[in-house]
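Here is the structure we will look at, set down as structure tokens.
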Amino acid sequence: MAMIEVRQSAGGDPLKFAVVVRDDKGETRHVVTMAPATYQELTAGAYSPVKCIEAAFRFLLDREAKEQILGRFDMAVIPYYYPEFERSFPDYLSQA
24 MAMIEVRQSA
34 GGDPLKFAVV
44 VRDDKGETRH
54 VVTMAPATYQ
64 ELTAGAYSPV
74 KCIEAAFRFL
84 LDREAKEQIL
94 GRFDMAVIPY
104 YYPEFERSFP
114 DYLSQA
């Protein structure tokens, strides 16, 4: 199972995060941005931005290898690749 380490590297608009995903085969590093409006839409403020990013990575890792996750992306692009994201995401948040 992969370990996901999320560190918020900047506040403001957009929020910026450094993410490291580690498993027994090594690690990948990612830079993720998220507009405050996207954060509110996804969590209604009930979870921290870091937990939101962690949940998004768990969602992605259930669908692709860590090496396939883009090295740099904005949270708003996930639904373009995975239309079920917004429907499934609350389940991932609740596991945070």
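The numbering used here runs 23 ahead of the 1-based position in the sequence shown. C-beta: ideal position from N, C-alpha, C; glycine also.
- Task: Please classify Tyr104: is it buried, with 16 or more other beta-carbons within 10 angstroms of its beta-carbon, or exposed?
- Result: exposed
- Query: Which residues share a DSSP beta bridge with Phe40?
  - Reply: Gln31, Val55
- Can you round the beta-carbon distance between Phe82 and Ser111 to whole angstroms, since I take them to be within the 8 Å contact cut? 6 Å
- Item | the stretch 86-100 touching the stretch 43-62, judged by at least three CB pairs closer than 8 Å | yes
- Task: Go through its chain and collect everything with a Cβ distance to Phe108's Cβ below 7 Å, but skip five positions before and after it.
- Result: Phe82, Ile101, Pro102
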